[in-house]
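Peer 1: Have a look at this one before I ask anything.
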Amino acid sequence: MGFLDNITGGIKREIEYNAGRGVTDAFRKGVDKLKGGNTAGKNKCPKCGKPVLENAKVCGQCGTKLMLTCTQGHINPYGTKFCTECGEAFK
């Protein structure tokens with residue numbers, strides 16, 4: 031095996047490794063989405079800091095509201111003063 035073969039073999043292994051990591055990351059994100067939440071812990075309760083599901087309306091640990099729903103049924107993040115879809119004011 032020559033010098034160039036060693037280099038191209040290393041590059042090939044690096045590409046395969048990175049491609050595999052990309053597939054693994056994409057798979058993990060897909061599984062998280064199917065579970066209805068984010069198991070990576072990116073979504074956290076603003077009050078207690080515990081992980082919460084992506085579409086949760088309240089924190090399962092401390093009960094803090096995470097989402098608001100207007101009379102039209104649009105969902106908005108808690109703390110929003112007006113609905114981002116219809117402009118209805120939250121009280």
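Our numbering puts the sequence shown at residues 31 to 121. In this text, a Cβ means the ideal position worked out from N, Cα and C, and glycines have one as well. Keep in mind that this is a model prediction, so the values were computed, not measured.
Locate the beta strand (DSSP E) running through N85, then write down its first and last residues.
Peer 2: Premise fails: N85 is in no beta strand (DSSP E) and is neither H nor E.
Peer 1: Measure the alpha-carbon distance for G109 versus K59 and round it to whole angstroms.
Peer 2: Rounded to whole angstroms, G109 to K59 spans 27 angstroms at the Cα level.
Peer 1: Give every residue of the same chain whose Cβ lies closer than 8 angstroms to the Cβ of T101, excluding the five residues on either side of it in the sequence, and list them in chain order.
Peer 2: Within the same chain, T101 has close Cβ partners E118.
Peer 1: Would C113 and N106 qualify as a contact pair, given that the criterion is a beta-carbon distance under 7 angstroms?
Peer 2: Yes, the Cβ-Cβ distance between C113 and N106 is below 7 angstroms.
Peer 1: Starting from P107, trace the beta strand (DSSP E) both ways and give me its first and last residue.
Peer 2: I105 to P107 is the extent of the beta strand (DSSP E) around P107.
Peer 1: What do you get for L34, buried or exposed, if any count of 16 or more other CB atoms within 10 angstroms of its CB means buried?
Peer 2: Burial call: exposed.
Peer 1: Mind checking C89: buried by the 16 CB within 10 Å criterion, or exposed?
Peer 2: C89 comes out buried.
Peer 1: Thinking C-beta only, is P81 closer than 7 angstroms to K87?
Peer 2: The answer is no: Cβ separation not under 7 angstroms.
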